[in-house]
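Per mature numbering (1 follows the signal peptide of the UniProt record, and there is no 0): the sequence shown = residues -23 to -1, 1 to 285. Structure, as structure tokens:
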Amino acid sequence: MWREGALLVVLLLLLLLVQQNCATKDEQEHGCPPSSCGKITSITYPFRLKGDPKSCGHNRYELACENNVTVLYLYSGKYHVQAINYNNFTVRVVDPGVQQQNYSSLPRYFLSQSNFSDSYSDATDPYQAGLKPINNWAWLIFQHVVFMNCSHPVTYNRKYVDTAPCVNSDSKGYYIYSIAGDLKAHDFEVGCHVKLVALTSWWGFDTNNHSYTAMHTGLVYGFEISWMHLACENHCRYKYGRLYRYGYGNGNRYCYFDYSIQNLRCPLCNRQRSRIICGILEILLFVAGGKNFIILIYLSFNYYITKN
């Protein structure tokens, strides 16, 4: 029994050394000096500026510096970067068509939550609409502003906010209204169709505040998107190694941002396993860093033998 205990201690020490070496390697890969462009003075991993060394940043998160303005190309649009938050893995951008104090200015691009794919089953999008990588509206980090083009005045629906005299319709005899928040089927009025959808993450945005000036202020502030998928992949795989597999649906575990600790969480087990087993596995994988599957099996088997 004493020899088995000593062997376990040696194995744990070896695992800690392996984890430390991997951490050093990870720091070297992300050790590029920060870039800057305009008011964005610290552009680091996963972002990179166009023209930076290929070893710096991630190629799917390349930004451009145009006329001393940091630019992010998103789908078919070009957005101005306002801030990058490396603590909660979000970047805030604004549509260049929206101008401060110019209430007649409108966004150039049509963008909504439906543009983003937020499940781990589809990893094609570098950016997500929330801090929880599943299609959950409660976890969205932005809200919608919907512009409607109507062939007649809408006076009986409080959700429809008249944009006149700030915004005039391109077509004579039409009226433009704005709606704060999501547009549902019962919100459609006869003779009205969607002209434009834009996003905002302004903290003062209230879907019950039917004021076009407030909506415009929200658009000027811009909207946030996250790089949760990449952050979770880096964080959870670093913490638990390649043994950690996350998924979507059917009770699979998933990584998410926990506001209470201001960090990512990597649930180890799905709902089908008991909390005790999950706790044991989490401790083992945390110590091992998930780097050596054979040693982990040995530890688990030894634990099973001693208990039985």
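Heads up, the beta-carbon is just placed ideally off N, CA and C, and yes, glycines get one too.
Taking C-beta separations shorter than 6 Å and ignoring five residues to either side along the sequence, the partners of residue 160 in its chain run 123, following chain order. By the neighbour-count definition (other C-beta atoms within 10 Å, threshold 16), residue 57 is a buried residue. Put simply, of 18, 38 and 13 the residue whose alpha carbon is nearest the alpha carbon of residue 203 is 38. For residue 162, the secondary structure class from DSSP, reduced to helix, strand or coil, is helix.
Taking 8 Å as the cut-off, the beta carbon of residue 65 is found no closer than this to the beta carbon of residue 117.
Assignment of beta-bridge partners to residue 67 by DSSP yields 62 and 203.
Residue 154 sits in a strand when the DSSP states are folded into three classes. For residue 198, the enclosing alpha helix (DSSP H) has its first and last residue at 189 to 198.
Excluding the 5 residues flanking it on each side, residue 127 has same chain C-beta neighbours closer than 7 Å at 151, 152, 154, 166, 168 and 169, in chain order. In the three-state scheme derived from DSSP, where H, G and I count as helix and E and B as strand, residue 41 is classed as strand.
Within the model, the alpha-carbon separation for residue 12 versus residue 132 is close to 51 Å. Residues of the same chain with a CB within less than 6 Å of the CB of residue 199, apart from the 5 flanking positions on each side, are 59, 69, 70 and 71 in chain order. Inclusion of residue 120 and residue 177 in the CB contact set at 8 Å is warranted, their separation being smaller than that value. Secondary structure at residue 208: helix, using DSSP grouped into helix, strand and coil.
Residues of the same chain with a CB within less than 8 Å of the CB of residue 187, apart from the 5 flanking positions on each side, are 135, 136, 138 and 157 in chain order.
Per DSSP, residue 175 is one residue of the beta strand (DSSP E) stretching across 169 to 177.
Relative to the Cα of residue 209, the nearest Cα in the group 185, 234 and 147 belongs to 234. DSSP, read as helix, strand or coil, puts residue 90 in helix.
Here residue 9 is near residue 34, since their CB atoms are less than 8 Å apart. Across the set 184, 18 and 175, the C-alpha of 175 shows the shortest separation from the C-alpha of residue 91.
Straight across, the Cα-Cα distance linking residue 20 with residue 232 is about 25 Å.
The bridge partners DSSP lists for residue 118 come to none.
Under the three-state reduction of DSSP output, residue 232 falls in the coil class, being neither helix nor strand. Judged by DSSP secondary structure, residue 240 falls within the beta strand (DSSP E) whose first and last residues are 240 to 242. Under DSSP, residue 12 forms a beta bridge with 20.
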